[in-house]
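Worksheet: one structure, shown below.
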Amino acid sequence: NPSFGNPPQGSLDLIAYKQNGSLLSSPQFIVPQDTSGARSVTNLASLNVLSVPQAPTGPGGLSTEFTVSVPGNAPVYVNLATLKSFPSVTETVMYMSGGTPVTDTFTGVPIWNLLSQYGATQNAILTRYLTATGSDGYNVLFSLAEFDPNLGAPTYPNEAIVAYADTNGDLTSSGFARLVIPGDNFGGRFVSNLVSLDVVTVPEPTSALLLISGLAAIALLTWSQNRSRARAA
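Numbering (our numbering), first residue to last: 82 to 314.
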C-alpha cells in the first residue's frame, strides 16, 4: 500500500510470469529490494492473506515501559533509561494526522537494532512477525523481514525506529516511546504509548489457524498486563 510506505513504481513486489521476455514454467513471487533474494519464491503455489485479531481495548494512558517478547525467551521490560542506553538516530518524517500534515524530527533506536539486542533476529527471520501494541489496545503487524537491512529494509535516514524524543524533547502525550515508520504517509503504524513488541513465529500454511490463535493469545496477554498496570497505579 503506497500510503504505508510501499516502494515506488519499479521497485514493487510482484508475481512474475515472464523472465527476460520468456514465459516462466510457473509463477514467481519477486521482492526487488531484497538483494539477497531470500524472500523471492519460485514455483509459487499459494498466497495466504490472514486477518490478525485486534488486541482488546486497554485502559489507555501514558506508557512508562514496554515489553519485548521473543519465542523461547522471557519477556524483557524496556523503559526510557534502557532505550537511551542504546545508540540512537535522528530522523525527520512527514505524515498526516487528523487530516493535517505534520513534519517532525524524532530521536530513537532502530527497531532492528533493538530487537537484535533481545535475540529476535537470530533465527527464522523470514517466518516471523512483529506486533506492536499501544496502551489503548491499538496494534499493528509487521513482517520481521521488513526491518532487516540484509533483506532490503530501508536504512538510515529512513529506517523504522522506537522514538523517545522529538523536536520538543522527550515524548509526553505519546507516552515515553512510540513507533516512527518513515514513508507511512498517514501515520497509521506510528503506535504511540507503546506497551509491547511481540515477535510471533508463523506456522506452516496448513496451520494458519494456529497463527490466529497465537496472536489472539498475545492480545489477551497484553490486555491482562495493561489491567495489572492500571490496578497497580
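Where is the CB? At the ideal position from N, CA and C, for every residue including glycine. Here the structure is a predicted model, which means the values were calculated and not measured.
Check                                                                                                                    : Outcome
Proximity to S273 [Cα-Cα], best of T253, P113, G118, V159                                                                : T253
Between the CA atoms of P238 and D185 - distance to the nearest angstrom                                                 : 14 Å
Member of D94, T181, V190 whose CA lies at the smallest distance from the CA of V261                                     : V190
Collapsed DSSP secondary structure at S288 in the structure displayed                                                    : Note that S288 scores a pLDDT of 47, beneath 50, so its modelled location is shaky and nothing firm can be said.
Length-filtered (3 minimum) beta strand (DSSP E) runs lying within the region 146-171                                    : 146-150, 157-160
Close beta carbons around S118, own chain, < 7 Å, minus the five adjacent residues each side                             : First, the amino acid is wrong: residue 118 is Gly here, not Ser. Contacts found: none.
N-terminal and C-terminal residue of the alpha helix (DSSP H) that Q198 is part of                                       : 192-198
Cut-off 6 Å between Cβ atoms - residues of its own chain near R209, not counting five sequence neighbours on either side : L225, V280, T282
Status (buried if at least 16 other CB within 10 Å, exposed otherwise) for S288                                          : For S288, the pLDDT reaches just 47, beneath the cut-off of 50, and the residue's location in the model is therefore unreliable, leaving the point undetermined.
Cross-strand partners of A246 (DSSP beta bridge)                                                                         : T188, D251
G218 beta carbon less than 8 Å from that of G139                                                                         : yes
Sub-8 Å separation of T145 and V157 beta-carbons                                                                         : no
Check whether L207 and L278 have beta carbons under 8 Å apart                                                            : no
A213 vs F228 beta-carbon contact at 8 Å                                                                                  : no
Residue environment, T181, which counts as buried when at least 16 other CB atoms sit within 10 Å                        : exposed
Endpoints, beta strand (DSSP E) assigned at D265                                                                         : Counting along the chain, D265 falls outside any beta strand (DSSP E), and DSSP gives it neither H nor E.
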